[in-house]
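Keeping their order, the protein sequence lines are chains A and B. In short: position in the first sequence from 1, add 322, done, that's the working numbering. In short: position in the second sequence from 1, add 14, done, that's the working numbering.
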Amino acid sequence: MEKTKEILKDLCSAVSVSGHEHASANALAEKYGGYFDNAYVDKFGNCVFVKKSELENAPRLLVDAHFDEVGMLVSSIEEDGFLHISGVGGLDTRIFPAAEVTVYGKKEIYGVIASTPPHLQSEKSSKATPKMDNIIIDTGYTKEELSALVRVGDPVRLKGDFKELANGYVLSRALDDKACVCAALISLMNSDKSKLAYDIYLTVSAQEETGRCGASFVATDIKPDLAVIIDVNFARCENVTEFESIECGGGAGIDISALTNRRFTKAIMKIAEQNGIEYQTICEPDSTGTNNELVMISGTGVRTAVMSIPLMAMHTTSEAVCIKDVESLADILRAIYVTKGL
Amino acid sequence: MISVLKKLVNATGISGREAQVRDLIKEEIAPYVDGVETDAMGNLIAHKKGNGKKLLFAAHTDSIGFFVTFIEKNGAIRVSPVGDIDFLAFSYSEVVSENGVKGVIISEKDGEIPKADSVYIDIGAKSEKQAKSKVRVGDFFVPVPKMTKLLSNEYAGHSFDGKVGCAILIEAIKQIKETKNDLYFVFTAQQEVYSRGARVAAYSVRPDVAVAVDTTDAKDKSSVSDGNAVLGEGVSIKIKTSRMIYSPEVVEKLREISTRHSIKYQCEVANSGTEGDAKALQNGAMGCLVGAISVPCANIHTSSEIIDMKDAEETLKLVLKIAEEYEI
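In structure tokens, the structure reads:
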């Protein structure tokens, strides 16, 4: 569990605002490449780890977790050192007023999102959800100073550092989908090649939050026979129904959807049961909201399954997961790797 | 470039019916390219051979307009929109059919925002019979072509959206004598209806890098519009629009080239705005790097779009430098 937390913390510290994954993807390939036969970053910023089976002509299994996180880009530099921003992916803007941010310009610049004190808010304005167009960041710089450090298009992140909570829970921004990246890495890092039934391509993909084109193109390139897409899912909490959520601490979720392969999905459930690994099911009839939708129609079509980790407070700076669920997902993946004929 | 643009504006064609525009472009560029062909979608694909990387430039030939759906007993012509049409902007505009029949778009419901089913075209016909002798179901109408010079270098007209990009590429084709890079100039069909042309053109060309050349929403003077670019501030390099992130590597090179050659440019990061042909080019190529450069255009998708020709000149300069210098 400690090792899992350590890797997850490391992943969460990487700056990977959607569309700007390249630098962090290179660092990731460098850092973990040694555990694999091959590691590379493609032109879209997808980081690919390859581990080959010793079997001849083994089928290709793609495991995809996305590396990008929701964030912002600078859209204009205003008088008095204010910045306008544009959202990348669907950040929950309710958490924006007075939040601390980091702007990744020529150097890291700290700023605060401007807010009105509660004393001066009207009843109406205090209830309104902030609109991205109206949000400004105060950096304390003059416009001239700021223009020398920041360009339009530079990424911006809200503060949300990794923290450990009680009972094996952790909190951080970008656990969507770095919790799954972590599960995929630990599932394959130390695996015994002689037992693998597949050539495994782990894609830590770019731009899931902004059009999912990373996974779509990397899958087109790899042409897998099978693919497992892993992403976070809604954790059960107040105001969320049982039908649209899974329980934190209840193990990985296995998605049942019209968009995934039925036989493959059933086989995964059976594998989990045979190995005594706890899992939950969630039904997402017409859309899984993941890279699956494009991976399945890449090339001449791919048989896919979707698995997930329950996540609290999605698309905020306080996303939280239970490490047990991360490890449960890794356990199921390990069992898949050694099961022939899927 | 202005004379080419005038010719293009006078050639009419809505999405799926681009032949007039396409033929005109073919005639203009044929002597200057190594090959030019029209594909099944109606894309015009021109090739200037080189040994370097495959670069694709795209501009769209289609414009928004109206299809005739029904002719009423009283001779009123009912229409359906092709592309993203704001009927308020087109109410009481003069329009012309593909066969030269003129008319005016009338809104039926006074004081309400007009919609497709509450407008008709009055062609002056007194009866269904008279109307049907001039117009058939399936004919298209577009705003009467015009191009008016305003102060400074600004022009007002219909269908600058698309055709400014075409004019720039035509001019680029004429000016490029020899090329190191392998250049494809694609004049795409059906951009206004989900960029269907660009997708298949990119699939057949399979470029290393694709650059869409088009117009982009500009702020007007009333600041009512939520445009992302500013007229007269040069070519706009797209970084992010509502649903699309343009390849950072391409963006960086475009910025670098513009800076080095003192090309006036602005960068676009926006919550709104569409990706034009860019996304379709990237998907059609099964994944290629993609960029988009645009001429800012106020009142886009109206019969009086406004551009600053200086911005078009800067865009042309950038296209020429990309073609010449882009290395991957």
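The beta-carbon is built from N, C-alpha and C at its ideal position, and this holds for glycine as well.
Proximity of residue i and residue j at Cβ, strictly below 8 Å
i	j	result
VAL225/B	GLY305/B	yes
ASP577/A	GLU606/A	yes
ASN348/A	VAL337/A	no
ILE52/B	ARG31/B	With the sequence shown as reference, residue 52/B is identified as Thr, and Ile is not the correct amino acid for it. Not in contact: THR52/B and ARG31/B (Cβ atoms no closer than 8 Å).
VAL425/A	ILE435/A	no
TYR106/B	ILE127/B	no
ILE190/B	LEU70/B	no
VAL392/A	SER340/A	yes
TYR659/A	ALA519/A	yes
VAL265/B	GLY475/A	yes
TYR217/B	ILE321/B	no
ALA72/B	ASN195/B	no
LYS160/B	GLY171/B	yes
ALA642/A	LEU493/A	yes
THR316/B	THR202/B	no
LYS515/A	GLU376/A	yes
MET323/B	GLY211/B	no
PHE366/A	VAL503/A	no
LEU58/B	ALA181/B	no
LEU664/A	ALA589/A	yes
ILE85/B	GLU122/B	no
Inter-residue CB distance, residue i and residue j (contact presumed, cutoff 8 Å)
i	j	result
ASN555/A	ILE604/A	6 Å
SER29/B	VAL207/B	5 Å
ASP325/B	LEU245/B	7 Å
ASP499/A	GLU530/A	7 Å
GLY572/A	ASN368/A	Rounded, the Cβ-Cβ distance is 31 Å, inconsistent with contact.
VAL227/B	LEU183/B	6 Å
GLY298/B	ALA186/B	Wrong, their Cβ atoms sit about 22 Å apart, outside the cutoff.
LYS129/B	PHE155/B	Actually they are not in contact, since the Cβ atoms of LYS129/B and PHE155/B sit about 17 Å apart, beyond 8 Å.
LYS148/B	VAL115/B	5 Å
ALA549/A	VAL624/A	5 Å
GLU289/B	ARG257/B	6 Å
ILE631/A	ALA574/A	6 Å
GLY89/B	ALA139/B	3 Å
ASP386/A	ASN613/A	5 Å
LYS233/B	HIS275/B	With 8 Å as the limit, LYS233/B and HIS275/B do not qualify as a contact, their Cβ atoms being about 26 Å apart.
THR83/B	VAL96/B	About 11 Å; that fails the 8 Å criterion.
GLY117/B	ILE137/B	4 Å
Chain A residues whose Cβ lies nearer than 7 Å to that of residue i
i	result
LEU303/B	LYS365
Contacts that residue i makes with chain B (C-beta to C-beta distance below 7 Å)
i	result
LEU581/A	The premise fails here: LEU581/A is roughly 18 Å from chain B at the closest Cβ pair, so nothing lies under 7 Å.
THR542/A	MET300, GLY301
MET454/A	ASN285
GLN596/A	In chain order: nothing, as chain B lies at least about 38 Å away.
Closer than 9 Å at the beta carbon, the chain B residues around residue i
i	result
HIS342/A	ILE259, PRO262
THR532/A	LYS254, ARG257, MET258, ILE259
Partner residues on chain A for residue i, Cβ-Cβ distance less than 9 Å
i	result
VAL265/B	GLY475
GLN296/B	CYS535, PHE539
Within chain A, the residues that residue i reaches when beta carbons sit closer than 8 Å
i	result
CYS281/B	ARG473, VAL474, GLY475
ALA284/B	SER397, SER408
Beta-bridge partners of residue i, as assigned by DSSP
i	result
LEU164/B	Answer is none; LEU164/B lacks a bridge partner.
LYS254/B	ILE259/B, VAL283/B
HIS61/B	GLY49/B, TYR198/B
ALA501/A	Beta-bridge pairing links ALA501/A to no other residue.
HIS342/A	Answer by DSSP bridge pairing: none, since HIS342/A is not bridged.
ARG603/A	Per the sequence shown, residue 603/A should be read as Thr rather than Arg. DSSP output for THR603/A lists ILE576/A as bridge partner(s).
MET394/A	GLY409/A, VAL478/A
ASP364/A	Partner(s): none; ASP364/A has no beta bridge.
The ligand ATP heavy atom lying under 7 Å from the CB of residue i
i	result
ILE321/B	Ligands in the displayed structure: none, and consequently the ligand ATP is not present.
ask   = Looking at chain B, which residues of the stretch 510 to 532 of chain A have a Cβ within less than 8 Å of any of its Cβ atoms?
value = Cβ contacts with chain B come from GLN529, THR532.
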